[in-house]
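These notes concern the structure reproduced below.
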Amino acid sequence: MQIMFNAKKWFITNTNFLNTLRNSFAKSFRLKEVANSHLAELFRRCEAIIQKECHVQAQEESSKYLAILNAGLATGLTEELVLLTAEQYGKVAKLLMLPNKSYCFLECMGQEDAELIFANMHGRANVGQNETVIYMSYFQQLPALGVDTWSKSLPKGLVLIKDFISEEDELAILEDIDMETVTDDSLKHRKVKHFGYEFLYGVNNVDVKHPLDRKIPKECTKLWVKLATVNEREHYNFEWLVPDQLTVNAYEPGQGIPPHVDTHSAFLDPILSLSLKSDVVMDFRNGAQKVSVILPRRSLLIMSGESRFNWTHGITPRLMDVVTTTKGNLTVKKRKQRISLTFRKLRKGACNCDFPLLCDSKQSAIIKDKKEVIQQENAVQLEEFNVHSVYEQIAEHFNETRHTPWPKVTEFLHSFPQGSVLLDVGCGNGKYLDCNSNILNVGCDRSQGLLQVCKSLHYNILRCDCLQLPIRSRSIDGCISIAVIHHLSTAERRLKSLQELLRVLRPSGKALIYVWAKNQSNDNKKSSYLRQNKALNKEKTTADQQRQETLKQLEEKASQSPVLLPIHTNRTEFLQQDVLVPWKLKSKETQKNADTFLRYYHVFEKEELQNLVKQIEGVTILSSYYDQGNHCWSSIHKLKAGSYFYPARQMGRHGRFIHKVMQQINKLGKLVISYL
Numbered sequence: 039m040q041i042m043f044n045a046k047k048w049f050i051t052n053t054n055f056l057n058t059l060r061n062s063f064a065k066s067f068r069l070k071e072v073a074n075s076h077l078a079e080l081f082r083r084c085e086a087i088i089q090k091e092c093h094v095q096a097q098e099e100s101s102k103y104l105a106i107l108n109a110g111l112a113t114g115l116t117e118e119l120v121l122l123t124a125e126q127y128g129k130v131a132k133l134l135m136l137p138n139k140s141y142c143f144l145e146c147m148g149q150e151d152a153e154l155i156f157a158n159m160h161g162r163a164n165v166g167q168n169e170t171v172i173y174m175s176y177f178q179q180l181p182a183l184g185v186d187t188w189s190k191s192l193p194k195g196l197v198l199i200k201d202f203i204s205e206e207d208e209l210a211i212l213e214d215i216d217m218e219t220v221t222d223d224s225l226k227h228r229k230v231k232h233f234g235y236e237f238l239y240g241v242n243n244v245d246v247k248h249p250l251d252r253k254i255p256k257e258c259t260k261l262w263v264k265l266a267t268v269n270e271r272e273h274y275n276f277e278w279l280v281p282d283q284l285t286v287n288a289y290e291p292g293q294g295i296p297p298h299v300d301t302h303s304a305f306l307d308p309i310l311s312l313s314l315k316s317d318v319v320m321d322f323r324n325g326a327q328k329v330s331v332i333l334p335r336r337s338l339l340i341m342s343g344e345s346r347f348n349w350t351h352g353i354t355p356r357l358m359d360v361v362t363t364t365k366g367n368l369t370v371k372k373r374k375q376r377i378s379l380t381f382r383k384l385r386k387g388a389c390n391c392d393f394p395l396l397c398d399s400k401q402s403a404i405i406k407d408k409k410e411v412i413q414q415e416n417a418v419q420l421e422e423f424n425v426h427s428v429y430e431q432i433a434e435h436f437n438e439t440r441h442t443p444w445p446k447v448t449e450f451l452h453s454f455p456q457g458s459v460l461l462d463v464g465c466g467n468g469k470y471l472d473c474n475s476n477i478l479n480v481g482c483d484r485s486q487g488l489l490q491v492c493k494s495l496h497y498n499i500l501r502c503d504c505l506q507l508p509i510r511s512r513s514i515d516g517c518i519s520i521a522v523i524h525h526l527s528t529a530e531r532r533l534k535s536l537q538e539l540l541r542v543l544r545p546s547g548k549a550l551i552y553v554w555a556k557n558q559s560n561d562n563k564k565s566s567y568l569r570q571n572k573a574l575n576k577e578k579t580t581a582d583q584q585r586q587e588t589l590k591q592l593e594e595k596a597s598q599s600p601v602l603l604p605i606h607t608n609r610t611e612f613l614q615q616d617v618l619v620p621w622k623l624k625s626k627e628t629q630k631n632a633d634t635f636l637r638y639y640h641v642f643e644k645e646e647l648q649n650l651v652k653q654i655e656g657v658t659i660l661s662s663y664y665d666q667g668n669h670c671w672s673s674i675h676k677l678k679a680g681s682y683f684y685p686a687r688q689m690g691r692h693g694r695f696i697h698k699v700m701q702q703i704n705k706l707g708k709l710v711i712s713y714l
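Quick note: to get the numbering used here, add 38 to the position in the sequence shown (first position is 1).
Structure, rendered in structure tokens:
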């Protein structure tokens with residue numbers, strides 16, 4: 039046999055070699071087919087994503103509209119690189135690059151231009167991320183921009199003055215503030231310097247009792263004359279005073295600042311921000327609304343009124359910013375070092391703005407008012423409407439979300455010897471009633487729906503209120519109350535529930551109590567409750583933004599409550615102790631949110647639970663701790679004179695028999711037995 043290779047004839051007589059060569063060619067062909075099928079699947083997926091997000095249809099026939107399927111602003115692709123490459127082969131009329139998308143669109147001058155660009159760039163041009171090859175498809179049209187953060191008008195009260203100072207003024211200010219010498223005051227690898235008063239980032243406030251010797255640099259005083267002139271000329275009508283506090287931050291590429299609102303009670307309106315050395319993009323949010331604002335070098339940003347008090351502002355930490363070009367399109371610009379000067383005027387007294395949601399002064403007043411209202415109002419009515427009634431309606435969905443016992447509670451349950459009697463007050467769906475099969479577990483709850491779940495699992499249950507347990511005093515070896523007492527709306531009722539729980543305990547019996555903590559972070563670690571906030575953890579949204587959305591959606595429902603209370607935003611830190619917490623009920627058929635209910639909670643401050651327990655005589659606190667967003671304590675009921683106890687270690691092999699005998703004797707009221 040002979041074959042041609044490089045224009046030469048080769049004679050092959052070895053059949054084994056021929057078979058190997060044939061198999062190699064066949065394998066190569068199959069791999070190519072597999073690769074092509076994978077690429078085809080990739081194209082289909084990319085096109086499907088674009089069609090879903092942009093509402094435009096891909097097509098096999100050529101058109102003047104093209105999409106790069108696997109590269110866009112999100113991958114670092116720039117307008118300059120796309121145009122530089124594409125215009126080698128055809129003319130581009132418009133380039134559309136969407137924020138945070140890994141694809142982009144081209145509108146060519148004609149269909150022939152699009153075909154030439156497609157033929158030379160599809161699967162060939164290395165302009166993707168890390169110089170990967172890009173892939174393209176034809177589309178019927180360009181997508182409408184729809185809701186984008188760039189074409190929106192600025193928030194009310196926000197003013198951006200470009201080229202507010204000259205380059206000479208910029209150099210003079212930089213020399214005066216002298217950030218090059220800053221080493222000791224670094225904040226999370228970011229240089230920061232304070233003038234007038236130190237800005238305390240932990241509390242977003244200043245200590246007015248300790249002014250700094252370092253006053254605002256003289257070069258900055260020129261700004262006030264110029265600002266007064268601009269204010270009068272442009273009719274901005276700002277009511278401002280010369281600032282007495284300045285914070286200077288040096289931002290390196292990749293650094294930013296979390297979305298926040300400058301504390302209302304700390305500073306007057308407005309707040310001024312001067313950008314030096316480079317541009318940056320600042321994001322403003324109000325609930326679901328978002329506006330991205332480019333702060334050019336040497337520009338002055340004035341945050342006043344609504345933009346100051348009701349919009350959060352922040353800078354996303356990244357190496358590149360999406361910016362608008364002179365043609366009105368979007369592109370990516372690499373960040374450089376930026377020096378930010380934030381000027382503030384200290385406030386004396388509480389804030390009296392018209393935006394209570396993010397106002398610390400208004401929220402503090404609300405907290406005080408709500409405490410007084412709950413004491414005067416009928417607490418039973420509040421708990422009936424916002425606790426008992428809610429749990430009856432969400433019982434089935436609640437059961438589906440509560441199935442894993444907490445480890446430390448399980449450990450407590452296993453600390454009881456065989457034959458002990460344990461009562462779970464507020465047992466819910468009974469998830470703790472089968473943790474230890476060597477003891478007699480009894481559960482009680484107010485919710486008929488949750489008790490039906492327990493009944494279906496053949497648990498020992500009874501229906502009652504935690505304030506009136508239908509159980510004989512000193513008859514239970516151990517009690518647990520997990521996430522129950524925080525549903526009681528007054529301190530007197532919370533104390534009464536603790537007294538009732540300890541009443542049924544035998545002398546030397548033990549109790550474990552869990553209540554929700556106001557502080558959902560401990561030792562700089564978020565609780566599991568906060569960690570489940572996926573949007574916040576990925577920085578797609580902010581706690582303040584979520585609060586704004588929650589308030590707008592649920593304020594009508596909250597008005598139906600017997601007592602007007604603030605609505606908490608799920609998966610965020612608590613701002614008040616007495617709150618209504620939303621429960622989003624899911625439809626069993628569609629698995630989508632069907633309705634939202636508001637549950638009442640009193641979240642506990644540190645030491646608050648222990649202080650309640652200390653009011654009860656005859657109780658010794660064994661331990662108190664913080665466990666996943668809950669304050670917890672374990673107590674032992676002290677022995678009283680005339681009682682007897684038999685330590686488990688002395689009961690030997692016949693412990694169970696003796697215990698049963700002693701239980702029968704105890705029923706007659708002649709002997710009390712317990713374990714230490």
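Glycine included, each C-beta is placed from N, C-alpha and C at the ideal position.
Nearest residue (CA-CA) to residue i, options the options
{"i": "residue 446", "options": "550, 517, 174 and 99", "result": "550"}
{"i": "residue 636", "options": "421, 95 and 267", "result": "421"}
{"i": "residue 318", "options": "335, 435 and 309", "result": "335"}
{"i": "residue 176", "options": "465, 193 and 156", "result": "156"}
{"i": "residue 622", "options": "174, 83 and 439", "result": "439"}
{"i": "residue 311", "options": "265, 277, 328 and 324", "result": "265"}
{"i": "residue 615", "options": "661, 528, 126 and 428", "result": "528"}
{"i": "residue 191", "options": "607, 345 and 633", "result": "345"}
{"i": "residue 230", "options": "216, 243 and 84", "result": "216"}
{"i": "residue 241", "options": "520, 99 and 299", "result": "299"}
{"i": "residue 673", "options": "476, 552, 205 and 260", "result": "552"}
{"i": "residue 497", "options": "505, 503, 148 and 480", "result": "480"}
{"i": "residue 110", "options": "101, 144 and 93", "result": "144"}
{"i": "residue 288", "options": "327, 339, 566 and 374", "result": "374"}
{"i": "residue 101", "options": "91, 146, 234 and 508", "result": "146"}
{"i": "residue 127", "options": "159, 105 and 99", "result": "159"}
Beta-carbon proximity check, residue i vs residue j, cutoff 8 Å
{"i": "residue 545", "j": "residue 510", "result": "no"}
{"i": "residue 256", "j": "residue 214", "result": "yes"}
{"i": "residue 341", "j": "residue 309", "result": "yes"}
{"i": "residue 357", "j": "residue 372", "result": "yes"}
{"i": "residue 130", "j": "residue 165", "result": "no"}
{"i": "residue 97", "j": "residue 178", "result": "yes"}
{"i": "residue 154", "j": "residue 103", "result": "no"}
{"i": "residue 461", "j": "residue 451", "result": "no"}
{"i": "residue 137", "j": "residue 360", "result": "yes"}
{"i": "residue 212", "j": "residue 107", "result": "no"}
{"i": "residue 488", "j": "residue 437", "result": "yes"}
{"i": "residue 355", "j": "residue 419", "result": "no"}
With 16 other Cβ atoms within 10 Å as the buried cut-off, status of residue i
{"i": "residue 302", "result": "buried"}
{"i": "residue 238", "result": "exposed"}
{"i": "residue 432", "result": "buried"}
{"i": "residue 380", "result": "buried"}
{"i": "residue 523", "result": "buried"}
{"i": "residue 706", "result": "Residue placement at residue 706 is flagged as unreliable, the pLDDT there being 43, under the threshold of 50; the coordinate-derived value follows with that caveat. So residue 706 counts as exposed."}
{"i": "residue 525", "result": "buried"}
{"i": "residue 77", "result": "exposed"}
{"i": "residue 72", "result": "Low confidence applies to residue 72: its pLDDT is 48, below 50, so where it sits in the model is not reliable enough to give any reading."}
{"i": "residue 133", "result": "buried"}
{"i": "residue 495", "result": "exposed"}
{"i": "residue 576", "result": "Interpretation of residue 576 is limited by its pLDDT of 41, a score under 50 that renders its predicted location unreliable; no figure is taken from the coordinates."}
{"i": "residue 661", "result": "exposed"}
Residues near residue i by beta carbon distance below 6 Å, same chain, minus five either side
{"i": "residue 388", "result": "303 and 399"}
{"i": "residue 443", "result": "469, 470 and 473"}
{"i": "residue 518", "result": "462 and 550"}
Cβ shell of residue i (< 7 Å), same chain only, five flanking positions each side left out
{"i": "residue 555", "result": "641, 642, 664, 667, 668 and 669"}
{"i": "residue 385", "result": "303, 304, 305 and 306"}
{"i": "residue 349", "result": "193, 322, 323 and 324"}
Cβ-based neighbour list, residue i, same chain, cut-off 8 Å, excluding 5 preceding and 5 following
{"i": "residue 417", "result": "526, 527, 528 and 531"}
Open item on the list: Contact between the segment 529 to 539 and the segment 651 to 670 is defined here as three or more beta-carbon pairs at a separation below 8 Å; is this criterion met?
Closed with: Taking one beta carbon from each stretch, the segment 529 to 539 and the segment 651 to 670 have 3 or more pairs nearer than 8 Å; the two touch.
Task: contact_flag[the segment 113 to 127, the segment 189 to 202] where n(CB pairs < 8 Å) is 3 or more - done: Output reads no: the segment 189 to 202 does not touch the segment 113 to 127.
Open item on the list: Across the segment 327 to 334 and the segment 273 to 288, are there enough close Cβ pairs to call them in contact, namely three or more that are closer than 8 Å?
Closed with: Using a C-beta cut-off of 8 Å, the segment 327 to 334 makes no contact with the segment 273 to 288, since fewer than three inter-stretch Cβ pairs fall below that distance.
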